[in-house]
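This report refers to the structure that appears directly beneath it.
In full-length UniProt numbering, the protein residues as written are 1 to 284.
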């Protein structure tokens with residue numbers, strides 16, 4: 001037999017096993033069902049039913065929970081269907097727990113998937129432009145094109161085409177004093193990122209001096225926190241025409257100029273942080 005018990009921010013279900021009532025806590029964040037060894041003995045189950053432990057139970061603080069074994073216990077759902085559920089028996093005092101999958105199998109909870117796509121698959125753009133300022137003694141250098149490994153040619157061509165489509169770069173044919181090479185970075189997802197190699201340019205860039213707030217400074221005045229990952233964040237910064245020309249690079253497939261801020265430019269991190277701090281400075 002079963003019965004529901006609603007606690008403050010907690011939900012329990014009462015089952016009768018071997019004529020013993022036991023109150024199980026529904027925990028949709030749990031990946032397994034837990035039962036303390038004392039509760040296991042109280043409901044009249046013997047050690048003969050215990051199988052050798054094969055799972056490690058790790059708490060939020062990364063500590064291990066001592067596992068005695070596992071047992072298959074039959075429970076009946078609302079449709080009077082018997083479900084044989086695995087419980088991990090642990091040698092600590094804890095409330096009996098029904099995990100997510102068991103709660104679904106027993107028809108104790110229902111879940112509704114209502115996904116709203118807030119993000120579209122394109123590179124965002126922040127209004128306005130940023131400039132790259134050079135020292136008056138800057139000496140332009142035009143680099144010769146580097147060879148691209150044969151195994152990366154198709155990936156590089158595809159990434160260049162994507163960057164043109166997204167408005168990050170544009171083909172350029174007019175003569176330019178500055179020409180850079182690219183650096184190919186392999187990501188964890190096996191895709192590539194094309195970064196600029198502006199080492200000569202970086203020697204002459206006058207960087208914006210911007211003091212970033214420390215985490216302690218932010219933490220001291222806020223109560224709620226959210227983590228936002230700006231995908232291809234530097235590419236959200238539009239360059240003015242003169243700065244775009246400074247970021248011309250060469251490939252075996254022609255020359256291109258960055259219309260957005262490129263990875264590798266010395267002033268990019270400060271400009272990015274300065275603009276985003278300005279965007280959120282009035283958020284309370």
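Ideal Cβ positions, reconstructed from N, Cα and C, are used throughout, including at glycine.
Counted as a single uninterrupted DSSP element, the beta strand (DSSP E) harbouring residue 251 occupies residues 248-251. Only residues of its own chain outside the window of five on either side were considered, and among them 273 have a CB closer than 7 Å to the CB of residue 212, listed in chain order. Nearest in C-alpha terms to residue 58, of all of 88, 84 and 42, is 88. Straight across, the Cα-Cα distance linking residue 105 with residue 23 is about 17 Å. Going by DSSP, residue 12 is part of the beta strand (DSSP E) stretching over 10-17. Collapsing the DSSP output to three states places residue 233 in a helix. Separation of residue 277 and residue 31 (C-alpha to C-alpha, rounded to the nearest whole angstrom) is 39 Å. Restricting attention to 210, 143 and 203, the CA atom closest to the CA of residue 177 is found in 143. The alpha-carbon of residue 16 is positioned some 25 Å away from that of residue 52.
Contact annotation: residue 160 and residue 253 have beta-carbon atoms nearer than 9 Å.
Following the DSSP letters along the chain, one finds residue 165 inside the alpha helix (DSSP H) bounded by residues 153-165. Three or more Cβ pairs closer than 8 Å define a contact, and the region 33-49 meets that threshold against the region 62-73. Inter-residue distance for residue 185 and residue 249 is about 16 Å (C-alpha atoms, whole angstroms). In the DSSP annotation of this structure, the continuous segment of the beta strand (DSSP E) that includes residue 21 starts and ends at 20-26. Following the DSSP letters along the chain, one finds residue 171 inside the beta strand (DSSP E) bounded by residues 169-172. A direct Cα-Cα distance of roughly 39 Å separates residue 107 from residue 188. At least 9 Å separates the beta-carbon of residue 243 from that of residue 173. Put simply, of 35, 197 and 93 the residue whose alpha carbon is nearest the alpha carbon of residue 263 is 197. Taken in chain order, the complete alpha helix (DSSP H) segments of 4 or more residues contained in the region 62-114 are 100-105. Contact between residue 98 and residue 25 holds, since their C-beta atoms are separated by about 7 Å, short of 8 Å. A straight line joining the alpha-carbon of residue 67 with that of residue 94 spans about 12 Å.
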